Amino acid sequence: MLGAQQSPSGGTPVLPSFGFTQEQVACVCEVLQQAGNMDRLGRFLWSLPACEKLHNNESVLKAKAMVAFHRGNFKELYRILESHQFSVHNHAKLQALWLKAHYVEAEKMRGRPLGAVGKYRVRRKFPLPRTIWDGEETSYCFKEKSRSVLRDWYAHNPYPSPREKRELAEATGLTTTQVSNWFKNRRQRDRAAEHKDGGGGSSPRSKGLGAGTSTVSALDSSSCESLDAPDIPHTTSNLTHTGLNTGYPLEASDSLLHHYHSL
Numbered sequence: 001m002l003g004a005q006q007s008p009s010g011g012t013p014v015l016p017s018f019g020f021t022q023e024q025v026a027c028v029c030e031v032l033q034q035a036g037n038m039d040r041l042g043r044f045l046w047s048l049p050a051c052e053k054l055h056n057n058e059s060v061l062k063a064k065a066m067v068a069f070h071r072g073n074f075k076e077l078y079r080i081l082e083s084h085q086f087s088v089h090n091h092a093k094l095q096a097l098w099l100k101a102h103y104v105e106a107e108k109m110r111g112r113p114l115g116a117v118g119k120y121r122v123r124r125k126f127p128l129p130r131t132i133w134d135g136e137e138t139s140y141c142f143k144e145k146s147r148s149v150l151r152d153w154y155a156h157n158p159y160p161s162p163r164e165k166r167e168l169a170e171a172t173g174l175t176t177t178q179v180s181n182w183f184k185n186r187r188q189r190d191r192a193a194e195h196k197d198g199g200g201g202s203s204p205r206s207k208g209l210g211a212g213t214s215t216v217s218a219l220d221s222s223s224c225e226s227l228d229a230p231d232i233p234h235t236t237s238n239l240t241h242t243g244l245n246t247g248y249p250l251e252a253s254d255s256l257l258h259h260y261h262s263l
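Quick note on numbering: the sequence shown equals residues 1 to 263 in the UniProt record's numbering.
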């Protein structure tokens, strides 16, 4: 493997015959991912020198996973995700790649789109590797502790205000949109259950902590098959705009930008 030379500023070593530091390479990977330009990102990765430390950089590994998914090379995607321990802030994005790849393979095998139950069975058959998962029980990418907070709130107020939704989002680590969708879906399921049981048109708000409790509990017990998370985008360009916490600036040096623009 090639070594590295100390940069003139005394910072991260410059990669020989390449002229850029590892931080700069990682920055370009992040910029191209955010731009959704997987073809250019693939060419940029191909141009990197054979430096083991560089190719084990997490931003580079994440970029390789994105390109593998984009090209439909799921075997390589799984290999990357299973053989490297990734930081927690990258878990959500990489979990989305893992799940979507398995969904696509299952759909091709069955010759039809997967429904909620089909996706649930795929998730059970292909659990998330511990390299991109902290081990906590999940439900459609909602951690159990997050769902517990939402259930507790729903029990006394199924219609949180915008301010309360923001507070719930901060408390659970979810987005405000995810919180809003959870409450909307839960109210719809409660209304459907009430209609089925002949309970009339009473709303979740009127039920409060009383008769509605058993209905809520029953829905919780079967939610793994009756609820599904929003579909994971087929294209990586949408995936790259969520959950970013890279620590890298969105702008690289002029010379480095010129390099990958010429690819």
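Positions of the beta carbon are idealized from the N, C-alpha and C atoms, including for glycine.
Note that the coordinates shown come from a computational prediction; the quantities given were computed from them, not determined experimentally.
Residue i, buried or exposed, once every other Cβ within 10 Å from all chains shown has been counted against 16
{"i": "T240", "result": "For T240, the predicted model reports a pLDDT of 38, less than 50, meaning its position is unreliable; a value from the coordinates is still stated below. Label assigned to T240: buried."}
{"i": "K184", "result": "exposed"}
{"i": "P230", "result": "Note that P230 has pLDDT 38, beneath the 50 cutoff, so the model's placement of it is unreliable and the number below is only indicative. Exposed, since its Cβ has fewer than 16 Cβ neighbours within 10 Å."}
{"i": "Q95", "result": "buried"}
{"i": "N37", "result": "buried"}
{"i": "V117", "result": "exposed"}
{"i": "G42", "result": "buried"}
{"i": "D39", "result": "exposed"}
{"i": "W153", "result": "buried"}
{"i": "K119", "result": "buried"}
{"i": "S206", "result": "Because S206 carries a pLDDT of 44, less than 50, the predicted location of this residue cannot be relied on, and the following value inherits that uncertainty. Classification for S206: exposed."}
Alpha-carbon to alpha-carbon, residue j and residue i
{"i": "E167", "j": "A155", "result": "17 angstroms"}
{"i": "A106", "j": "P129", "result": "18 angstroms"}
{"i": "A63", "j": "K100", "result": "16 angstroms"}
{"i": "A192", "j": "G173", "result": "29 angstroms"}
{"i": "S148", "j": "R123", "result": "21 angstroms"}
{"i": "R79", "j": "T175", "result": "30 angstroms"}
{"i": "A171", "j": "H89", "result": "17 angstroms"}
{"i": "R71", "j": "A65", "result": "10 angstroms"}
{"i": "A35", "j": "F74", "result": "22 angstroms"}
{"i": "V104", "j": "P113", "result": "9 angstroms"}
{"i": "N181", "j": "R110", "result": "29 angstroms"}
{"i": "R121", "j": "L97", "result": "17 angstroms"}
{"i": "D190", "j": "D197", "result": "11 angstroms"}
{"i": "T177", "j": "K165", "result": "9 angstroms"}
{"i": "L150", "j": "H195", "result": "23 angstroms"}
{"i": "V60", "j": "L32", "result": "11 angstroms"}
{"i": "N56", "j": "G115", "result": "37 angstroms"}
{"i": "K108", "j": "R163", "result": "43 angstroms"}
Supposed close pair residue i, residue j - CB separation, criterion 8 angstroms
{"i": "F86", "j": "L77", "result": "Not a contact, Cβ separation roughly 13 angstroms."}
{"i": "V25", "j": "L48", "result": "7 angstroms"}
{"i": "Q22", "j": "L45", "result": "With 8 angstroms as the limit, Q22 and L45 do not qualify as a contact, their Cβ atoms being about 14 angstroms apart."}
Residue i versus the options, residue with shortest Cα-Cα distance
{"i": "W133", "options": "S83, G42, K165, G36", "result": "S83"}
{"i": "P158", "options": "R187, Y103, G19, R112", "result": "R187"}
{"i": "K93", "options": "R43, E30, T172, K108", "result": "E30"}
{"i": "F20", "options": "C51, R123, M38, N37", "result": "C51"}
{"i": "S161", "options": "V179, Q22, G115, R151", "result": "V179"}
{"i": "S146", "options": "A169, Q33, K196", "result": "A169"}
{"i": "H102", "options": "R112, F44, F126", "result": "F126"}
{"i": "T131", "options": "L45, N57, L81, F44", "result": "L81"}
{"i": "E58", "options": "H195, C27, R112, D39", "result": "C27"}
{"i": "K143", "options": "K165, K119, R163, H91", "result": "H91"}
Residue i Cβ short of 6 angstroms to the ligand NAD heavy atom set
{"i": "F86", "result": "Absence of the ligand NAD is noted for the structure shown, with no ligands found whatsoever."}
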